[in-house]
Every structure is written in C-alpha cells, then in structure tokens.
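Note that the working numbering has the sequence shown beginning at 2, numbered continuously upward.
The beta-carbon is built from N, C-alpha and C at its ideal position, and this holds for glycine as well.
On a predicted model such as this, the values are computed, not experimentally measured, just so you know.
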Amino acid sequence: MNIQEKLNELEKILIQTNINFEKNVSLKKKTWLKHGGETNFWVQPNCKNQLKTILDFLHSKKMTFEIIGNSSNCYFTENYNPIITITTTKVTDFDIDQNTIRCGCGYNVIKLSKYCIQNGIAGYEGFIGLPGTVGGAAINNSGCYGSIISEVVKSVEFLKKDGTVVTLSNEQLEYEHRSSVIKKHKNGVILSVEFDASKKGNVKLMEEKAEKNKSHRKKHQESTYLNLGSIHSELKWGKRRWDLRYLVFQVFAKIANKIFSNNGRKISNYFLCLLYFKPSIYKNISDKNFNCFVWKSSNITDNDFFSYVNFCKKNTKKAELEIEIKNNQKC
Ligand SMILES: Cc1cc2nc3c(=O)[nH]c(=O)nc-3n(C[C@H](O)[C@H](O)[C@H](O)COP(=O)(O)OP(=O)(O)OC[C@H]3O[C@@H](n4cnc5c(N)ncnc54)[C@H](O)[C@@H]3O)c2cc1C
C-alpha cells in the first residue's frame with residue numbers, strides 16, 4: 002500500500018470513528034508559537050479511547066506521526082511539514098479515588114493544580130502557571146516554584162510502538178532534570194498519568210502560595226511576546242572557571258541592576274551581546290531573561306532562532322536545550 006492509499010484509509014477510519022480532524026492545516030494556526038509548516042492531517046481525539054484507536058491504526062500501518070500536547074515546549078521549523086499531527090488537548094479523562102488522580106494525557110496542568118489546591122492536595126501549587134498538558138509535563142519532568150513532576154507522578158500508561166500498553170512506574174521513567182526515559186527515546190505515547198494525591202495541605206495556605214507564584218511569574222517572566230519560556234534547561238556562561246569576559250559582565254549587571262532597577266536586566270542583556278560581539282541577538286531576547294527568546298513578529302525566521310541557540314552554545318560552558326526542535330517526523 003503506498004502512502005496515499007494509507008492516508009485515504011486513515012481518513013476513512015477517522016470519519017467512521019468520529020474523531021475530529023482537519024486536512025492541510027498550517028501549523029502557524031495551531032501551535033503555541035504560531036510557527037511551523039503545514040500538516041496534511043491535524044487530528045484531535047476527544048478521549049483516551051479515540052487516541053488509542055488512531056494510534057493502533059497508525060502502528061498497524063507503520064505510519065509515522067507527530068504527537069503534541071499544548072506544544073508549549075516545541076519549536077516547529079518553518080519547513081517542517083509533518084504528514085500527521087495528533088494533539089492530545091482534548092484527551093482530558095479525569096478520575097480520582099482516595100490517594101490517586103488519573104488524568105488523560107491532554108489534561109491541562111494548570112487545571113490540575115487548581116483542582117489539587119481547592120481539594121487540599123499538596124505538591125501542586127507551583128504548577129499554577131505551567132502552560133502544558135500532563136503528558137507533556139510527565140515527559141519533560143516539568144517543574145516550577147517548588148513543584149516538580151517527578152515528585153508527584155506515580156506512573157504513566159504507555160502505548161509502545163509495537164502496540165502494547167504497559168504501565169511505567171515513576172522509577173522506570175528515569176527522571177532527570179527536565180528529562181525522562183521517554184523524552185530520550187521517543188518510543189511511544191503516554192495515554193494517561195497517575196498522580197499521587199496522598200499529601201494533604203491547608204487550602205488557604207496553598208491558595209496564598211499559588212497566588213504568590215502567579216505574581217512572581219508575571220513579574221519575572223516574559224508575557225508581552227510569544228515565547229517558549231526557558232529555551233535551555235542549563236545555560237552556564239563562561240568557557241572557563243575564570244572567564245574574564247563573563248566576570249566583567251557580572252560586575253556590570255550588578256551595577257546596572259542597582260542603578261536602573263527595573264531596566265537593569267534589559268541593559269545588562271544588551272551589554273552581554275556587545276561583549277560577545279553579537280549585538281544583533283539582543284532584539285530577540287526577552288528583557289526579563291536572556292534564556293528566553295521572543296517572537297516579536299511573524300518575520301522572525303528559523304535563522305534568527307538558530308543564530309541565538311548557536312550564540313549560547315558557542316559562548317557557554319554548557320547550554321542544554323530544554324525545548325524540543327521539531328524538524329523530522331520520528332514517532
Ligand atoms: C511561557 C512558558 C512558560 C513555561 N514555564 C515552564 C516552567 O516554569 N517550568 C517548566 O518545566 N516548563 C515550562 N515551560 C515549558 C512547557 O510548558 C512544559 O514543558 C510543559 O509541560 C509542556 O507541555 P505541553 O503539553 O505543551 O508539551 P508539548 O510541547 O506539546 O510536548 C512536549 C514533548 O512531549 C511530547 N508529547 C506530548 N504529549 C505526549 C504524549 N501524550 N505522549 C508522548 N509524547 C508526548 C511531544 O512530542 C514533545 O516532544 C514553559 C513554557 C512556556 C511557553
């Protein structure tokens with residue numbers, strides 16, 4: 002069967018099983034960043050069963066596909082045109098018993114955080130501003146403001162490429178800073194996530210904590226322009242321990258923050274670009290954080306972004322990408 006025949010069959014199955022889909026869709030209209038090429042099939046299952054149905058079909062036909070949650074950790078390159086893109090944002094099955102919450106992989110993390118706070122379940126207050134799905138967060142080991150996924154995930158229900166469904170425990174997920182065994186190997190799809198709901202907390206105190214986290218995020222993180230949050234999970238400046246240029250920068254940044262308070266960060270970001278002879282990078286960096294690239298307009302190209310990524314790589318001891326660059330269909 003050639004690819005066109007397989008796609009015809011895919012369309013038939015989607016119609017028969019009532020799964021939402023659109024054909025020939027620009028990823029600029031669909032992704033968090035409003036960036037990317039075009040996908041032939043944009044598929045949006047409504048529940049875990051629909052997701053499984055479509056995955057079983059694709060596996061049986063050996064068809065590759067792209068799977069995303071809210072795409073808030075993904076950079077789709079301009080010329081990347083995945084044939085099939087599945088988004089899980091409607092896979093929001095939800096169920097709770099005494100000590101366990103079970104969510105479909107597309108359940109929104111902020112919603113989960115709010116639910117836990119309101120119901121006195123501790124450990125989720127930090128997730129209040131995290132713009133993703135539980136599946137994406139479980140893969141990336143997302144964390145913020147004292148809450149971290151690896152500390153609250155009990156297990157995930159995982160559909161392997163051979164079509165079998167297994168349960169992977171927290172230990173089997175081999176969590177590391179902003180990574181997991183699934184992020185490394187891309188060998189299947191998370192269908193649902195089980196969370197620990199056994200830790201109890203005071204609702205009022207947790208609400209206060211969440212409010213504090215929200216206002217800290219608002220003040221210190223980019224909110225004006227489109228962005229992917231932190232681009233690198235680690236960004237260690239200075240090639241050597243005593244990197245003279247970086248020491249000069251640190252002194253400058255301290256003085257700038259004192260003198261210009263609110264604008265100190267912005268001025269020191271510009272100074273850093275000058276120090277490394279690349280002032281052109283500055284225009285695409287958030288005033289609040291050098292590790293945050295901003296898409297101020299639709300004219301920003303892949304070249305602009307990769308030139309920033311290469312700049313960071315070249316001038317730091319370690320620049321580990323936190324986001325994922327999507328330019329090749331792998332699943
Ligand atoms: C403004 C902003 C602020 C942010 N702040 C933080 C922060 O404070 N801390 C933090 O850790 N992160 C942060 N992030 C990054 C991001 O929000 C998180 O990593 C989030 O958990 C990603 O969820 P998602 O649903 O958007 O994942 P996506 O970006 O859709 O996917 C991430 C990866 O997982 C894969 N994937 C998604 N769902 C599945 C599934 N069901 N099965 C298999 N693979 C899957 C995708 O293919 C992709 O490779 C921020 C991002 C933004 C834009």
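| Asked | Found |
| --- | --- |
| Quick one, which of 152, 179, 193, 94 has its alpha-carbon nearest residue 168's? | 193 |
| Suppose only complete runs of 3+ residues qualify. What are the beta strand (DSSP E) ranges in the stretch 149-192, listed by chain order? | 154-161, 166-170 |
| Tell me the rounded alpha-carbon separation between residue 332 and residue 119. | Low confidence applies here, because residue 332 scores a pLDDT of 47, under 50, leaving its location unreliable; read the following figure in that light. When rounded, the distance between both Cα atoms is 37 Å. |
| So, helix, strand or coil for residue 332, using DSSP? | Bear in mind that a pLDDT of 47 at residue 332, under 50, signals an unreliable position, so the number given afterwards is only what the model happens to contain. Coil, per DSSP. |
| Assuming contact is defined by CB atoms lying nearer than 9 Å, are residue 131 and residue 157 in contact in what I supplied? | no |
| Examine ligand 1 and report whether any of its heavy atoms sits within less than 8 Å of the Cβ of residue 147. | no |
| Give me the Cβ distance between residue 126 and residue 214, rounded to the nearest whole Å; I'm assuming they're in contact under 8 Å. | 7 Å |
| For residue 329, which residues of its own chain have a beta-carbon under 8 Å away from its beta-carbon, when the five flanking residues on both sides are left out? | 81 |
| Between the alpha carbons of residue 21 and residue 162, how many angstroms are there, rounded? | 23 Å |
| Here's a check: name, in chain order, each residue in its chain whose Cβ is nearer than 8 Å to the Cβ of residue 8, leaving out the five neighbours to either side. | 41, 42, 84 |
| Compare the C-alpha of residue 148 against each of 211, 281, 255 and name the closest. | 211 |
| Measuring alpha carbon to alpha carbon, tell me which of 160, 196, 265, 184 ends up nearest residue 1. | Outside the shown range of the chain, which is 2 to 332, sits residue 1, and nothing can be said about it. |
| Are residue 296 and residue 60 closer than 9 Å when you measure CB to CB? | no |
| Sort 325, 318, 304 by Cα distance to residue 79 and report the nearest one. | 304 |
| So what does DSSP say about residue 76, is it helix, strand or coil? | strand |
| Compute every distance between the C-beta of residue 296 and the non-hydrogen atoms of ligand 1, then say whether any falls below 8 Å. | no |
| Work out the CA separation of residue 95 and residue 313 for me, nearest whole Å. | 41 Å |
| Cβ of residue 282 less than 9 Å from any chain E Cβ? | Checking the listed chains, one finds no chain E in this structure; it contains a single protein chain. |
| So, is residue 243 buried or exposed, given that buried needs 16 or more other C-beta atoms within 10 angstroms? | exposed |
| Would you mind giving the Cβ-Cβ distance between residue 321 and residue 221, rounded to the nearest angstrom? I have them listed as a contact below 8 Å. | Incorrect: roughly 21 Å between the Cβ atoms, too far for contact. |
| According to the neighbour-count rule (16 or more other Cβ atoms, all chains shown, within 10 Å of its Cβ), is residue 89 buried or exposed? | buried |
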